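Numbering (this note's numbering), first residue to last: 457 to 998. Ideal placement from N, C-alpha and C gives every residue a C-beta, glycine not left out. Note that this is a predicted model, so its numbers are computed, not measured.
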Amino acid sequence: FLRFLTTWEAIEHEGPQIYDQEYLDYLYTVIKKAGEYGIDVFIDPHQDTWSRFSGGDGAPGWTLEAVGFDLTKIHATGAAVVHQEHGDPFPRMIWPTNASKLACGTMFTLFFGGNDFAPQLTVDGVPIQDYLQSHYINAVRQVAIKLRDLPNVIGYDTLNEPSNGFIGEKDVRTIARGMSARKGDMPTMLQSMLLGSGYPQNVDSYDIGPFGFRKTGSRRMNTEGVKVWRDGHEDIWKQHGVWGIDSTSQPVLHKPNYFATVGSRKVNFHEDYFKPFANRFAREIRKIVPEAIMFVEGVPSQGELTWNDHDEANIVHAAHWYDDLTLYNKSYISWMGVDVQAMKIILGAQNVRKSFTRQIARVVRQSDEDMNHAPTLIGEVGIPFDMHNKKAYRTGDFSMQVRALDATMTALENNFVSFTLWNYTADNSNERGDLWNDEDLSLFSRDQMTGNGSIHDGGRALNAAVRPYPRKVAGEPLAMSFDIKKAFFEFSFRHTDEVNAPTEFFIPELQYPHGCTIQVSDGMFDLDMTNQTLIYQHTREQ
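The structure is reproduced here in structure tokens:
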């Protein structure tokens, strides 16, 4: 199946409750065509660091304006690093740091926890949390209404890579966890608030080193005293007493742990805020599509999400996983890796591959032990293709990308886990990558096309991506491996007595252009290379 992306902005960009019917018609046409090719899809309401106006994508600009932000001042005040204002060259993988800065941190705090943390803030008389969540859910409902008669739409993701904003952070004098990325200017939460209100700050700077993020110096920011708040508005957190102005007209901190507790209750973001939203989302979508599967993921790198009997049923745990060292450095070092959750550097090529398998196994174990035995889908996984300063684009040698993707694919296979590869961008180019914050993870690029007419034309590292795999298994998988150098695929399973249907495999012509040799332990098989399919019928007595 296919993960199909849409955004809140695309559906409702013209203003609250003004839906873009032309865009919805486009979604319907494309997804219906996918169904004609036998492709099932689930809908991903995508976002990164809230909005393109806060250095990512997702929410329309009017959501930020509704709470008082001036969109033209966000970059200047350090409330986000915005590519269109920063200009080129854009620092590699700096966009995730926006998750911990003022614009994104504030918006997600309001979206998930505005009733507790900003009770004074209303829009059109509606509490800000209810206002934002209702508009978001209603926008996705429009998609569900449009697509509900398409049988190949199997479900909906609640929200791509949600952020806790500032919720649960213990001290505003520290840098918010965000997506755990530290690069460039990294103001603390308090500094972000003061910068947004026009108070210059000395802010620490970071970069990515061989062993993680490291402090490199500091810089004085917003020396012009620019304010991010529109006329007639002031900092929301100042309004709610987090900080204020002393008798000398200087800012002073009042409540350093404001986001850590509500009354006497210690805050748990996933339990107290994300899950109520996700359950509400699921109920509203299922009023339109009762059988829809819900794909649920927590905050990246914060494996704290749980799911219980009293939560909505029929969900899939759709956490994301990447080889973070390769992703952030845009280079592949086979003998070095990192386990972000364990905060460990891994050395040795075999140890790195074993670590990848363990990290994905941890996600699967969370699904089983903490999420009520939910099935697992790795909702995003992939590699950057512009690694090593885009060397492959100059030489045509993508062997390093093949090695990097093979390491990831092997870890997925070792865990028998479903996944959606990030990503396919139809207009990817070597110069601009995926046309978003200089990311370049597309399995296809127009600049790699040769015009040979092959279905694989324009593909990158396809030797690693296009692999044999079992489509349907008449029992329990036990082991699976693929040796990319020898094109040797091995699979074993324990058949289930009640299942007499055959086991079906995809056998890609790309790996076996001249056919292949098949060996089985028992039973019969039929290899159809025209349809790239192997049908194996096991012996029931074995």
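Between the CA atoms of Leu577 and His951 - distance to the nearest angstrom: 59 Å
Closest residue to Glu468 among Ala595, Glu478, Thr462 (Cα-Cα distance): Ala595
Where Ala716 sits in the DSSP three-state scheme: coil
Boundaries of the alpha helix (DSSP H) in which Phe573 is found, first to last residue: 558-573
Inter-stretch contact at 8 Å, needing at least 3 Cβ pairs: the stretch 694-713 / the stretch 537-555: no
Coil, strand or helix - Gly471 by DSSP: coil
Given 8 Å, three or more beta-carbon pairs between the stretch 788-796 and the stretch 761-772: no
Local conformation of Asn441 per DSSP, three classes: In this structure the chain extends from 457 to 998, so residue 441 is not present and cannot be described.
Residues that Ser661 bridges to, as DSSP identifies them: Asp641, Gly673
Leu558 beta carbon less than 9 Å from that of Trp523: Checking the displayed sequence, the identity of residue 523 turns out to be Val instead of Trp. Contact flag unset, no.
Beta-carbon spacing of Asp660, Gly673 below 9 Å: yes
Residues near Gln998 by beta carbon distance below 8 Å, same chain, minus five either side: Legend: pLDDT at Gln998 = 48, less than 50; position of this residue unreliable, no value from coordinates given.
Local Cβ density within 10 Å of Gly611, reported as buried at 16 or more and exposed below that: buried
Selection from Glu887, Leu897, Pro924, Pro969 that minimises the alpha carbon distance to Tyr784: Leu897
The alpha helix (DSSP H) enclosing Asp476, as first and last residue numbers: Counting along the chain, Asp476 falls outside any alpha helix (DSSP H), and DSSP gives it neither H nor E.
Residues bridged to Ala805 [DSSP beta-bridge criterion]: Paired residues: none, contrary to the question.
Per-residue DSSP class, three states only, for Gln998: Because the pLDDT at Gln998 is just 48, under 50, the model does not fix this residue reliably, and the value given afterwards should be weighed accordingly. DSSP places Gln998 in coil when its eight states are reduced to three.
Minimum Cβ-Cβ distance from Asn908 to chain B less than 9 Å: The displayed structure is made up of one protein chain only, and chain B is not part of it.
Secondary structure of Lys810, DSSP reduced to three states: helix
Beta carbon of Pro516 nearer than 9 Å to that of Glu465: yes
Proximal residues to Trp763 (C-beta, below 8 Å), its chain only, five neighbours per side dropped: Lys731, Val752, Ile771, His773, Asp826, Met827, Asn828, Ala830
Uninterrupted beta strand (DSSP E) stretches inside the stretch 906-949 (no shorter than 3 residues): 925-928, 931-939
Environment of His912 [buried if 16+ CB atoms lie within 10 Å]: exposed
Arg686 - DSSP class collapsed to helix/strand/coil: coil
Completely contained alpha helix (DSSP H) runs for the stretch 486-533, where each covers 4 or more residues: 517-522
Cβ-based neighbour list, Phe573, same chain, cut-off 6 Å, excluding 5 preceding and 5 following: Thr565
Closest by C-alpha distance to Arg638, when choosing among Ala555, Pro746, Asp982: Ala555
Where Ala935 falls, given that 16 or more other Cβ within 10 Å makes a residue buried: exposed
Contact belief for Gly471 with Trp518 at Cβ below 8 Å, rounded distance in angstroms: 6 Å
Cβ pair Thr906, Thr866 closer than 9 Å: no
Of the residues Tyr484, Arg923, Asp476, Ala535, the one placed nearest Gly652, counting alpha carbons only: Ala535
Secondary structure of Leu603, DSSP reduced to three states: helix
Distance, Trp685 Cα to Val718 Cα: 26 Å
Cβ pair Ala1000, Arg859 closer than 9 Å: Residue 1000 falls outside the range modelled here, since the chain spans only 457 to 998, and no answer is possible.
Where Tyr880 falls: helix, strand or coil (DSSP): coil
Spatially closest choice to Leu709 from Arg736, Lys743, Met645, by CA coordinates: Met645
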